[in-house]
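Colleague: So the protein lines, in turn, are chains Y and V. Numbered by my numbering, the letters in the first sequence go through residues 34 to 548 in order. Numbered by my numbering, the letters in the second sequence go through residues 713 to 1061 in order. Built from N, CA and C at the ideal position, the CB exists for glycine as well. Starting off with a structure, shown below.
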Amino acid sequence: MLFFTPIFLFAFLPIAWLVFKGLEGRTPNWASIIWLLAASWTFYAWALPIHLLWLLGSIAFNYICSIGLARNTASASGKPLLVVGIATNLCLLGAFKYSGFATETVSNLFGLNLTPPALLLPLAISFFTFQQISYLVTTYREQRLIAKPHEYALYVSFFPQLIAGPIVQPGEMIPQLQSERFSKVRLEDFALGATLLIIGLGKKILLADNLAPIADSAFALSSASEGSSALVAWTGLFAFTFQIYFDFSAYSEMALGLALFFGIRLPENFASPYQATSVIDFWRRWHITLSRFFKNYLYIPLGGNRNGVFRKYANILITMTLAGLWHGANWTFLLWGIAHGALLCANHLWRKTPFAIPSALSWGLTFLSVSFAWVLFRAESFSSAALYFQSLAGSFGIYGTDGSSLLEFLRSLEPMEAWKSTHYAIHFLGWYPSVINGVHPGHFIFSEPVLSLMQILFAAILVFAFPRPVAWLANTESGKPAFSIKAAVLSAAIIALIIAQSGSFQSTPFLYFRF
Amino acid sequence: MTAKRYLITLLTAVLAGIATIAILFCAHLGMPWWPHHLIREVRMAKHYMARSVEGPTIWIQGGSSAWFGFDSPQIKTETGYEAVNLAFNVNMPTEFCFDEIRRFAKPGDVALLALENSMYFRESLSSYAADEISIWAPDYFWSLSLSRKARFLKSLPWRKALAGNLVRLGQLTGAYNRALRPIDEESLIKNLHDQWNGSYSGEIPVYYNYLTLNQHGDFVQTDHTLWRGTHDYNLMGTAPVSDEIRQDLEEFVSWARANNVRVLLSWLPMARNAKLDLENPKAIASMDRIVKFADSLDLEFLGDPEEYVMDIELFYDTSHHTTAAGASERTRRLLPHLKQALSITDIHE
C-alpha cells in the first residue's frame, strides 16, 4: 500500500486513526499498541501476505535474541549471542538480496552455468533488518530488556516507517510507546502531521513524479541510442538529482507526519542535503538515519579514525562501499558507494590543507560531485554509466546528436503532445508574439527541452532557496510547531494541484521501496 | 496561531482551492474551439439527419469502424427501413453511444450495435473522450452518476481544461470570435445540403469532417493513405467483459424493450492479416466471452465473426476503417442475417 493511494488516504489511515483515537483514555497503552500493530501488519501484508511471515519470523527471532542478550550480557555468552543475532540478520538479508547477484558474479568470473536462487525479496527487509540490529546492539550495551514484546513488534513494524525508514534507534521510539502521553493524540501533533503529510504528497506527486519521465527518458535514450546530446544528458541528470531527493524526502516527511497522527515523533531523515557545502556535510544531511547506522555500527566498530590516517580512509571506503551495496545488488551501486567513499576521503584530506574555498564554490562543487555520482546510481550498468558520462561531456553533440547548430535546434522544436491543446489555444487566439528568427515562441515554450528545464529550475529554487519543512513548521527558538497562514495556504494549494493533476497523474512507487 | 485555528484555516483554504478548480472546470465545459470542431460538427450533422428521418429506422452505433463500415443506403434499399449511422469514435463511453440512440429511437425502430471488440473489455475512459465530451456535450457529463462523474473527471487531463479556460478568456477579449468561433448549425446544414447536391464550393477536408458524410451519416471519402499493418482486433487479451458495458448495455436493452426498440449486435469488419487468428484459443475465448455476455441479455449477433474477415485491400488508414467498397462488402455480408432477424420478429407485420 502506498501512502498516496486513495485506499491508504481515504480508508486505511482514517480507520487506523479513528480506532486509535477511540481507544484514547478508555484502554491502557498496550491496547493502542496492539491496534497499531494490527494496522501495521495489515499495511505490510496488503500487497503480498506471504511477506508478513518473514517479518513476524524476524521479529520473533530478534526478540528472543534480545531476551538472551539482556540475561547474559554480564556473562561471557553475551557477545557471542550478539554476533549470532547480527550474523543471522545479515545472512538472511544477504541470502534474499544478494544471492542472485553473487551467483551471477561467480558464474561470470569462472564461466560456470549457475542458476540464481528464485527468492522473493521480502518488502523492506533492508530497513527492518537494520532497525533490529540496532535494537540488539542497544540491548547488549544497556544490559537490559528495553521493550515488552508488543512494544518491540511495533517499534519494528510501525507502518509509517516500516517500508522505507527512517531507520529508528530504540531510544527514539520505544520510550514514547512506554510514556504516559502515548495514545493521547494532541491537536498540535495532528495539525503538524497533516501538514507534513500534505507537503510530502506534494513533493512526491507534483515534483518527483513529474521529474521522473525527464530522467527516465534521458537515461533510456542514452543507453538505447548509444549516447545522447549533452543537453538531454544534463537535463536528465539534474532531473534525477532532484527526483530522487523529492521522492525519498517526500516519503520520509510523510512518515514523520503519519507518525505524528499517532503521537509518535520519528527522527528527521533529510536536512536540505543539496544545500551542503561539502560531501561530509552532504552525508550529515542525506538519509541521516542510514548514515548514522553505518557510522555507529560499521565505521566506528571498524576503528573509525582511531587507528591512524590510513585505517581511517580505508574504513571510510569500506563503509561507503557497503552503504552503496545496501542500495541494491548491482555493481553500479557498489561503484556509487566507492565514489562517495573517495569523495569523503578527498574532502577529509582537503580539510587538512590550509586552502579555503569560497562557500558558493564549495557548494557548487559538492552539488556537482553528488549529481555526477547519481549517474552510477541511476544507470543500469557500467557501460550505460560510461556512455552517459560521455553524453554529459558532449561527445555525441551539444543540442542534438546530428551536429545541428543552436539555431537549427531551436527551429526544430515542437510543442509536447500533452501541451498541444494549450499551445493551440494560445496560437489560434493570436496571443503569441511573432516568430523570432524562424523560431515559433509557442513551439519553443512548450517544447520538451524548455519545459524540462523550467521544471528543473523550479525544483532547484525549491531545494536551494527554501528551508526544509520540519524546520519551516517549527518555532526557531522553542522548537515547537509554528502554525502560520502561509503553511495553511501552501498545504491547500498542494491539495488543489494534486486534485487538478489527478487526471494525468501516473503514480509510481517510491524509489527507495526497491532497497 | 493555535493548532485548532490553523486546521480551520487549512480546511477553508482547501475548500477554496477545490471551489476554484470546480469553477475552472465548469468554465471550460461547452467551450467549443478548434480542434474540437471536427467531431462536434459531425455529431451536429448526424443529429440533423436523425431528426429528419421518418418511419421505422435502423440506428447504427459503434466506434469509427461503424461510422466507416456501413453502407446505409444499401440497408435502406434491402430492408425498407430508414438507416442512420450515429457512430463516430471508439473512445466514446458506451453509455454516451446508447444515449445517442435513446435521443431519437421510437417504437418499432431497430438499434444495430456494431461495437468494437475493445469496447466490451475496456475498464477506463479515455482522456480523449473526456476532453471531447467536455467541449461539445457537457450535458452528458451532468447526466452521469456521481461515481461516473468522478471517473470522468479523473480521465480529464488538466492541461485540456486549462486550454478550454484560455479559450474562454479569449471569448471575453474578443480573440475567440476572430479566430476560433465554430460554424453555426444553420450554416452547417446548408453546407451539408450543398455538398449532397454537388454545389458546395468550399474545400472538403479529407478526414473526419461533416462534409464527408452521406445522407445517412456514413463516411464516404476514401482518398486517404492505405493501411497495411497488422492488428489482432483486441481478441488476444484475457480481460473479462467490463462492468461498465454490462451495466450500460443492460440498461439500454431494458430501455429498448420498454420502448419496443429491437436491439441487434454486429461484429466489426476485420482485415485479414498476420496478427488476426480467429482459431487461436485466446481469440476463441475472447469471442466466447462476448457471445456469452450477449446471450445473458438475450441479444443476437448477426452472423459469426469469421464472416466479417475481409481482404486487407478493403481497408484504409487504420485497421478499423473500411473503404467505401469495404463498407459495401461488410453490409452485403450482414444483410442476410439482418433481414432474417427482422423478418423473424418483424414488429411491423
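Which whole-angstrom value is the C-beta distance of residue 780/V and residue 1034/V, which I expect to be below 8 Å?
Modeller: 6 Å
Colleague: Can we say the region 235-252 of chain Y touches the region 274-286 of chain Y, given the rule of at least three CB pairs closer than 8 Å?
Modeller: yes
Colleague: Using a threshold of 8 Å, state whether the C-beta atoms of residue 967/V and residue 814/V are closer than that.
Modeller: yes
Colleague: Is there a Cβ from chain V that is less than 8 Å from the Cβ of residue 512/Y?
Modeller: no
Colleague: From what residue to what residue does the alpha helix (DSSP H) around residue 111/Y run?
Modeller: 111-143
Colleague: Given residue 178/Y, which residues of its chain have a CB within under 8 Å of its CB, disregarding the five upstream and five downstream residues?
Modeller: Excluding sequence positions up to five before and after residue 178/Y, its CB lies within less than 8 Å of the CB of 99, 100, 103 and 172, all in the same chain and listed in chain order.
Colleague: Hey, does residue 999/V have any beta-carbon neighbour from chain Y nearer than 8 Å?
Modeller: no
Colleague: Based on Cα-Cα distance, which residue from 533/Y, 530/Y, 531/Y and 524/Y lies nearest to residue 724/V?
Modeller: 524/Y
Colleague: Please confirm if the region 906-919 of chain V is in contact with the region 766-781 of chain V, defined as three or more CB-CB distances below 8 Å between the two stretches.
Modeller: As far as the Cβ criterion goes, the region 906-919 of chain V does not touch the region 766-781 of chain V, which means the pair count is below three.
Colleague: Does residue 209/Y have its Cβ less than 8 Å from a Cβ in chain V?
Modeller: no
Colleague: Is residue 517/Y helix, strand or coil when you go by DSSP?
Modeller: coil
Colleague: With residue 772/V as the anchor, note down where its beta strand (DSSP E) starts and where it stops.
Modeller: 769-774 is the extent of the beta strand (DSSP E) around residue 772/V.
Colleague: My understanding is that residue 261/Y touches residue 254/Y, with C-beta atoms under 8 Å, so please give their C-beta distance in whole angstroms.
Modeller: 5 Å
Colleague: Between which two residues does the beta strand (DSSP E) holding residue 797/V run?
Modeller: For residue 797/V, the uninterrupted beta strand (DSSP E) run begins and ends at 794-797, by DSSP.
Colleague: Contact defined as beta carbons within less than 8 Å: I believe residue 828/V pairs with residue 960/V. What is the distance between those atoms, to the nearest angstrom?
Modeller: Contact flag wrong, Cβ pair sits at about 15 Å.
Colleague: Show which residues of chain V have a CB atom less than 8 Å away from the CB atom of residue 221/Y.
Modeller: 715
Colleague: Look at the alpha carbon of residue 206/Y and the alpha carbon of residue 421/Y, and state the distance between them as a whole number of angstroms.
Modeller: Straight-line Cα distance between these residues: approximately 43 Å.
Colleague: Looking at C-alpha atoms only, which residue of 464/Y, 216/Y and 159/Y is the closest neighbour of residue 327/Y?
Modeller: Considering only alpha carbons, the answer is 159/Y.
Colleague: Quick check on residue 116/Y: buried or exposed, where buried means 16 or more other Cβ atoms within 10 Å of its Cβ?
Modeller: With fewer than 16 other CB atoms across the displayed protein chains lying within 10 angstroms of its CB, residue 116/Y is exposed.
Colleague: What are the boundary residues of the alpha helix (DSSP H) that residue 842/V is part of?
Modeller: 839-848
Colleague: Which residues bound the alpha helix (DSSP H) around residue 377/Y?
Modeller: From DSSP, the alpha helix (DSSP H) with residue 377/Y extends over 364-385.
Colleague: Using 8 Å as the limit for Cβ to Cβ distance, is residue 485/Y near chain V?
Modeller: no
Colleague: I need the straight-line Cα distance from residue 404/Y to residue 372/Y, nearest angstrom please.
Modeller: 12 Å
Colleague: When we look at the beta-carbon of residue 905/V and count the other beta-carbons within 10 Å, is it buried (16 or more) or exposed?
Modeller: exposed
Colleague: By the criterion of Cβ-Cβ separation under 9 Å, what are the contact partners of residue 781/V in chain Y?
Modeller: Simply none; closest approach about 28 Å.
Colleague: Nearest to residue 719/V by CA position, among 532/Y, 533/Y and 517/Y, is which residue?
Modeller: 517/Y
Colleague: Over what stretch of residues does the alpha helix (DSSP H) that includes residue 984/V continue unbroken?
Modeller: Looking at the DSSP string, residue 984/V is not in any alpha helix (DSSP H), and its letter there is neither H nor E.
Colleague: Using a Cβ-Cβ cut-off of 8 Å, state whether residue 920/V counts as contacting chain Y.
Modeller: no
Colleague: Going by the DSSP bridge assignment, what does residue 931/V pair with across the sheet?
Modeller: 925/V
Colleague: Is it right to say residue 475/Y is buried, meaning 16 or more other beta carbons lie within 10 angstroms of its own, or is it exposed?
Modeller: buried
Colleague: In terms of residue numbering, what span does the beta strand (DSSP E) encompassing residue 974/V cover?
Modeller: 974-977
Colleague: Classify residue 388/Y: buried if its beta carbon has 16 or more other beta carbons within 10 angstroms, exposed otherwise.
Modeller: Result: exposed.
Colleague: Determine whether the Cβ of residue 1062/V lies closer than 8 Å to any Cβ atom of chain Y.
Modeller: The requested residue 1062/V does not occur in the structure, where chain V is confined to residues 713 to 1061.
Colleague: In whole angstroms, give me the CA-to-CA distance for residue 235/Y and residue 220/Y.
Modeller: 22 Å
Colleague: Would you mind reading off the limits of the alpha helix (DSSP H) that contains residue 291/Y?
Modeller: For residue 291/Y, the uninterrupted alpha helix (DSSP H) run begins and ends at 263-294, by DSSP.
Colleague: To the nearest angstrom, how far is the alpha carbon of residue 1060/V from that of residue 876/V?
Modeller: Model confidence at residue 1060/V stands at a pLDDT of 44, short of 50, so the residue's coordinates are unreliable; what they give is reported in the following sentence. Distance between the alpha carbons of residue 1060/V and residue 876/V is about 48 Å.
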